[in-house]
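**Q** Residue numbers (my numbering), protein chains in the order written: chain A, 6 to 435; chain B, 6 to 435.
Think of the CB as a built atom: it goes at the ideal place given N, C-alpha and C, for glycine as much as any other residue.
There are 2 protein chains.
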Amino acid sequence: MNTVTIQSLKDYVDQEVQLNGWVYHLRSVGKIWFLILRDGTGLVQCVVVNNEVSPDVFQLEHQLTQESSVTVTGIPRLEPRAVGGVELGVRDITIHHIAEEYPITPKEHGTAFLMDHRHLWIRSKLQHAILKVRHQVIKASRDFFDQNGFTLVDSPIFTANAVEGTTNLFKVDYFDQNAYLTQSGQLYQEAAAMAFGKTYCFGPTFRAEKSKTRRHLTEFWMIEPEMAYCDLEENMDWAERYVEYVVQWCLEHCQQELQTLERDTTKLEKVQRPFPRITYHEAADILRRKGADFEVGSDFGGTDETLISEEFDRPVMVHRWPADIKAFYMKRDPQNSELALGVDMLAPEGYGEIIGGGQREEDFDILIKRIRDHDLPVKPFQWYLDLRKYGSVPHSGFGLGIERTVAWICGTKHIRETIPFPRTIYRIEP
Amino acid sequence: MNTVTIQSLKDYVDQEVQLNGWVYHLRSVGKIWFLILRDGTGLVQCVVVNNEVSPDVFQLEHQLTQESSVTVTGIPRLEPRAVGGVELGVRDITIHHIAEEYPITPKEHGTAFLMDHRHLWIRSKLQHAILKVRHQVIKASRDFFDQNGFTLVDSPIFTANAVEGTTNLFKVDYFDQNAYLTQSGQLYQEAAAMAFGKTYCFGPTFRAEKSKTRRHLTEFWMIEPEMAYCDLEENMDWAERYVEYVVQWCLEHCQQELQTLERDTTKLEKVQRPFPRITYHEAADILRRKGADFEVGSDFGGTDETLISEEFDRPVMVHRWPADIKAFYMKRDPQNSELALGVDMLAPEGYGEIIGGGQREEDFDILIKRIRDHDLPVKPFQWYLDLRKYGSVPHSGFGLGIERTVAWICGTKHIRETIPFPRTIYRIEP
Numbered sequence: 006m007n008t009v010t011i012q013s014l015k016d017y018v019d020q021e022v023q024l025n026g027w028v029y030h031l032r033s034v035g036k037i038w039f040l041i042l043r044d045g046t047g048l049v050q051c052v053v054v055n056n057e058v059s060p061d062v063f064q065l066e067h068q069l070t071q072e073s074s075v076t077v078t079g080i081p082r083l084e085p086r087a088v089g090g091v092e093l094g095v096r097d098i099t100i101h102h103i104a105e106e107y108p109i110t111p112k113e114h115g116t117a118f119l120m121d122h123r124h125l126w127i128r129s130k131l132q133h134a135i136l137k138v139r140h141q142v143i144k145a146s147r148d149f150f151d152q153n154g155f156t157l158v159d160s161p162i163f164t165a166n167a168v169e170g171t172t173n174l175f176k177v178d179y180f181d182q183n184a185y186l187t188q189s190g191q192l193y194q195e196a197a198a199m200a201f202g203k204t205y206c207f208g209p210t211f212r213a214e215k216s217k218t219r220r221h222l223t224e225f226w227m228i229e230p231e232m233a234y235c236d237l238e239e240n241m242d243w244a245e246r247y248v249e250y251v252v253q254w255c256l257e258h259c260q261q262e263l264q265t266l267e268r269d270t271t272k273l274e275k276v277q278r279p280f281p282r283i284t285y286h287e288a289a290d291i292l293r294r295k296g297a298d299f300e301v302g303s304d305f306g307g308t309d310e311t312l313i314s315e316e317f318d319r320p321v322m323v324h325r326w327p328a329d330i331k332a333f334y335m336k337r338d339p340q341n342s343e344l345a346l347g348v349d350m351l352a353p354e355g356y357g358e359i360i361g362g363g364q365r366e367e368d369f370d371i372l373i374k375r376i377r378d379h380d381l382p383v384k385p386f387q388w389y390l391d392l393r394k395y396g397s398v399p400h401s402g403f404g405l406g407i408e409r410t411v412a413w414i415c416g417t418k419h420i421r422e423t424i425p426f427p428r429t430i431y432r433i434e435p
Numbered sequence: 006m007n008t009v010t011i012q013s014l015k016d017y018v019d020q021e022v023q024l025n026g027w028v029y030h031l032r033s034v035g036k037i038w039f040l041i042l043r044d045g046t047g048l049v050q051c052v053v054v055n056n057e058v059s060p061d062v063f064q065l066e067h068q069l070t071q072e073s074s075v076t077v078t079g080i081p082r083l084e085p086r087a088v089g090g091v092e093l094g095v096r097d098i099t100i101h102h103i104a105e106e107y108p109i110t111p112k113e114h115g116t117a118f119l120m121d122h123r124h125l126w127i128r129s130k131l132q133h134a135i136l137k138v139r140h141q142v143i144k145a146s147r148d149f150f151d152q153n154g155f156t157l158v159d160s161p162i163f164t165a166n167a168v169e170g171t172t173n174l175f176k177v178d179y180f181d182q183n184a185y186l187t188q189s190g191q192l193y194q195e196a197a198a199m200a201f202g203k204t205y206c207f208g209p210t211f212r213a214e215k216s217k218t219r220r221h222l223t224e225f226w227m228i229e230p231e232m233a234y235c236d237l238e239e240n241m242d243w244a245e246r247y248v249e250y251v252v253q254w255c256l257e258h259c260q261q262e263l264q265t266l267e268r269d270t271t272k273l274e275k276v277q278r279p280f281p282r283i284t285y286h287e288a289a290d291i292l293r294r295k296g297a298d299f300e301v302g303s304d305f306g307g308t309d310e311t312l313i314s315e316e317f318d319r320p321v322m323v324h325r326w327p328a329d330i331k332a333f334y335m336k337r338d339p340q341n342s343e344l345a346l347g348v349d350m351l352a353p354e355g356y357g358e359i360i361g362g363g364q365r366e367e368d369f370d371i372l373i374k375r376i377r378d379h380d381l382p383v384k385p386f387q388w389y390l391d392l393r394k395y396g397s398v399p400h401s402g403f404g405l406g407i408e409r410t411v412a413w414i415c416g417t418k419h420i421r422e423t424i425p426f427p428r429t430i431y432r433i434e435p
């Protein structure tokens, strides 16, 4: 007899199979009872009829509790009214473990309670669906870059220098010295792009935002491509191709999850190239027109981002930023040296910035001047400056935050639910 | 005109194309000179003939230095004697940047010097090949688990408790408390497997091995699958299927790199299922027979692993270990409670342990007793114990170290060369 998953049940109609799973729900109507089983790949209704199973099995109705683990033997049959179009006619049930009273019930629980039980909460329908989407977002991301000739070059997590101050950095006791946890793999990707042409890194990054609320993650995942011989325009081409690919992939492969999450997928279907590209100053004009409390020259706040993104039905790329609010390594616009060749991509529907990137300064003399202008020490950047000594080329890249992207695609405002075990200022357990 | 990569040059024979890259080598024979160009996807010989280019371009021979960045225009033609089977008849060369004297030369350099220049060293042929293999090992790993119904569930990096002592843990200043960097994502995968059935995590893990030499990495990458309703035997089935898949994938997709590395691929071709499975005591018999200085009951040292693996032409799985030297969560053998249902996989040719794993204890009472027997505090394990309260099932998993696997497949003994920017007790730069 085959042991199969709920997802594949349709392939075994009218053949006796075994399912391993957990009791999701029980419902009785006298001589019949229904067991909704979950196995991680889906849910299925198992029908237990009095005279089709042994008396011992039939009376399990009174023994089985939510989340008890069981092996169910039965025959799948097509049933259009059932979830997934299949139900299971039960022949036998074997109990592995009777669960104690399960703490998560259909009633409302507070966030703290649910987060304390995150190890169990991920079994729940909505959390399960969000993390399935996360899986596909990551898969699509890797596939996109792999298929387009990028080489994965992992950036290191430990870095020696807190070059831009320690405010948002986590410090680690590293034997007899200090180390810091990376906030971005970009500088290393620049070295990698000079060796491999097109590269990316994908891993956790860390930000110790002391001033922020419990809603901010201290540990989050970022994918950062970098391309040699690539200017800002081509960088934006890559960014929109990539985001389009991820969204379309999820529409295709997460239908059921997006339905569970009640996501309005018509909004996602519109995410197709070309994405609008506007300058920072055009974005500022939008804000002025809409009467936002915004000072030209400053960075956008969350509300500003929402006001801008509302104007468009797909992600919008804002480029050419005031150089003063951007990092030292960003190349200036040859047409206007007050502007940096940076680009942010704002997700639609108010989900905020999902991508930040730009073209990097490739000239040694200018770069060293910028480092000094920013009051940064030169020594820790010697290796980075080397990239401008030995065959420097125009190059660009960007970083996409996985959690924000998952939040947007799932249509959830709670970033803490887009990562399996969120870490915030107040939480590092479970 | 098409801008193409060296890798795709064969598709453009007799069509004028542009290549963006860096000067790898120059060689002159009077009225002809040869430029070996690298672009991250390969190397190609570009032939510059006196009367086929302008005098300005022809005299670049005297200007171009190693690693200078150039765009070369020309016509690819088949040339069986050339690397890749193609060479480029040059029409034009545009210089982006003339490199200063490149520090890495064909002469021998010491390891410290090369590691100080790791940001440049990754451009070198062998390092480049190793990191390309790493890329494919990681891609094959993800593909394998994705294709087999596993869900990626990232385990957290920050953990609250140093449950097994702080000796090998990195401590982080986490706002007003301490946090530690993860050594393994396993316990979280156990929670995930109960929600998703089959899961894996893939990310950096950290080990502060103070006593070890500069050869040990403090930061390395691990992939850790976990399966609900899975016993030790099935766990070994998954491990051998997975390792076979990765090795065969690399043989197919890294031919050129393995050739560059002068890897004896006939050894890798033998890596096919079934892999031998021997018990710990059978392994100990091998050591005794070979006269090793080994005490039964202890763990294998590096030399022991080599002596065992020499007996086989493919990876060997050693299972059923003395429970005393294995972790508290490992299930005991029902046939012999002195033994734990653990398994290590040793790579052939003396490359040592690449996998460690086993079946987990699923019984609440036994598990809590083990925690106490190991003098561990119960409180930090409450969430982990919950997994045995709410639908506990037999489950198993393992972890594979990416760097060791890359070292084995590449045939390199230097683990520090299998990661782009290695971190060791003495090195966190560049």
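Going along the chain, which residues of its own chain have a beta-carbon closer than 8 Å to the beta-carbon of residue 256 of chain A, five neighbours each way excluded?
**A** The answer, listed in chain order, is 263, 270, 273, 274.
**Q** Please check if any C-beta of chain C sits within less than 8 Å of the C-beta of residue 159 of chain B.
**A** This model lacks chain C altogether, as its protein chains are A and B.
**Q** On the three-state DSSP scale, how would you describe residue 67 of chain B?
**A** Of the three classes helix, strand and coil, the one that applies to residue 67 of chain B here is helix, per DSSP.
**Q** Quick one: give me the first and last residue of the beta strand (DSSP E) that residue 78 of chain A is part of.
**A** Looking at the DSSP string, the run of the beta strand (DSSP E) that includes residue 78 of chain A is 74–83.
**Q** For the region 77–94 of chain A and the region 102–109 of chain A, state whether three or more C-beta atom pairs, one from each stretch, are separated by less than 8 Å.
**A** In short, these stretches do not touch, since the Cβ pair count stays below three.
**Q** Please name the residue or residues paired with residue 176 of chain B in a DSSP beta bridge.
**A** B:185
**Q** Excluding five sequence neighbours on each side, which residues of the same chain lie with their C-beta closer than 8 Å to the C-beta of residue 356 of chain B?
**A** 314, 409, 412, 413
**Q** What span of residues does the alpha helix (DSSP H) with residue 147 of chain B cover, start to end?
**A** Going by DSSP, residue 147 of chain B is part of the alpha helix (DSSP H) stretching over 130–152.
**Q** Counting along the chain, where does the alpha helix (DSSP H) carrying residue 407 of chain A start and finish?
**A** 407–415
**Q** Chain B partners of residue 180 of chain A, CB-CB under 9 Å?
**A** 213, 215, 223, 430, 431
**Q** Using a Cβ-Cβ cut-off of less than 8 Å, give me the residues of the region 136–165 of chain A that come near chain B, in sequence order.
**A** For chain B, the residues of the region 136–165 of chain A that bring a beta carbon within less than 8 Å of one of its beta carbons are 136, 137, 139, 140, 143, 144, 147, 151, 154, 156, 157, 158, 159, 160, 161, 162, 163, 164, 165, in chain order.
**Q** Spatial neighbours of residue 331 of chain A within its chain, please: C-beta separation below 7 Å, excluding the five flanking residues on both sides.
**A** Only residues of its own chain outside the window of five on either side were considered, and among them 345, 347 have a CB closer than 7 Å to the CB of residue 331 of chain A, listed in chain order.
**Q** Measuring CB to CB, does residue 201 of chain B end up less than 8 Å from residue 45 of chain A?
**A** The criterion of a C-beta distance shorter than 8 Å is satisfied by residue 201 of chain B and residue 45 of chain A.
**Q** Which residues, in order along the region 381–400 of chain A, keep a beta-carbon less than 9 Å from a beta-carbon of chain B?
**A** 385, 387, 388, 389, 391, 392, 393, 394, 395, 396, 397, 398, 399
**Q** Could you work out which residues of chain B lie near residue 200 of chain A, taking near to mean beta carbons separated by less than 7 Å?
**A** 45, 127, 128, 133
**Q** Looking at the secondary structure, which residues open and close the alpha helix (DSSP H) in which residue 381 of chain A lies?
**A** Taken as a continuous stretch (DSSP letters only), residue 381 of chain A belongs to no alpha helix (DSSP H), as it is neither H nor E.
**Q** Is there a Cβ from chain B that is less than 8 Å from the Cβ of residue 177 of chain A?
**A** yes
**Q** May I ask you to verify whether the region 235–249 of chain A touches the region 276–295 of chain A, counting CB pairs closer than 8 Å and requiring at least 3?
**A** yes
**Q** In the DSSP assignment, what are the bridge partners of residue 23 of chain A?
**A** A:8, A:78
**Q** Going by Cα to Cα distance, which pick from A:207, A:384, A:64, A:334 is closest to residue 144 of chain B?
**A** A:207
**Q** Rounded to whole angstroms, what is the Cα-Cα separation between residue 9 of chain A and residue 152 of chain A?
**A** 32 Å
**Q** By the criterion of Cβ-Cβ separation under 8 Å, what are the contact partners of residue 10 of chain B in chain A?
**A** At a beta-carbon threshold of 8 Å, the residues of chain A lying near residue 10 of chain B are 154, 202, ordered along the chain.
**Q** Quick one: what's residue 303 of chain A bridged to in DSSP?
**A** Paired residues: none, contrary to the question.
**Q** Given residue 183 of chain A, which residues of its chain have a CB within under 6 Å of its CB, disregarding the five upstream and five downstream residues?
**A** 176
**Q** Among all the DSSP beta bridges, which residues are the ones paired with residue 102 of chain A?
**A** A:74
**Q** Which value, in whole angstroms, describes the spacing of the CA atoms of residue 403 of chain A and residue 210 of chain A?
**A** 14 Å
**Q** Does the region 10–18 of chain B come into contact with the region 77–88 of chain B, if we say contact requires no fewer than three beta-carbon pairs (one atom in each stretch) closer than 8 Å?
**A** yes
**Q** With distances taken between CB atoms, is the gap from residue 401 of chain B to residue 235 of chain B smaller than 8 Å?
**A** yes
**Q** Spatial neighbours of residue 72 of chain A within its chain, please: C-beta separation below 7 Å, excluding the five flanking residues on both sides.
**A** Taken in chain order, the residues that qualify are 27, 28, 104, 107.
**Q** Compute the Euclidean distance between the alpha carbons of residue 373 of chain B and residue 126 of chain B, then round it to the nearest angstrom.
**A** 50 Å
**Q** Can residue 379 of chain A and residue 237 of chain A be called in contact, C-beta distance under 8 Å?
**A** no
**Q** Where does residue 315 of chain A fall in DSSP's three states?
**A** DSSP places residue 315 of chain A in coil when its eight states are reduced to three.
**Q** Measuring CA to CA, which of A:233, A:95, A:150, A:213 is closest to residue 180 of chain B?
**A** Minimum Cα distance to residue 180 of chain B is reached at A:213.
**Q** Could you tell me how far apart the beta carbons of residue 420 of chain A and residue 224 of chain B are, in whole angstroms, since I believe they sit closer than 8 Å?
**A** With a Cβ gap of about 26 Å, residue 420 of chain A and residue 224 of chain B do not count as contacting.
**Q** Would you list, in sequence order, the uninterrupted alpha helix (DSSP H) runs of no fewer than 4 residues that lie entirely inside the region 327–397 of chain B?
**A** 369–378, 387–391
**Q** For residue 415 of chain A and residue 343 of chain A, I'd like the C-alpha separation in whole angstroms.
**A** In this structure, the alpha-carbon of residue 415 of chain A lies about 38 Å from that of residue 343 of chain A.
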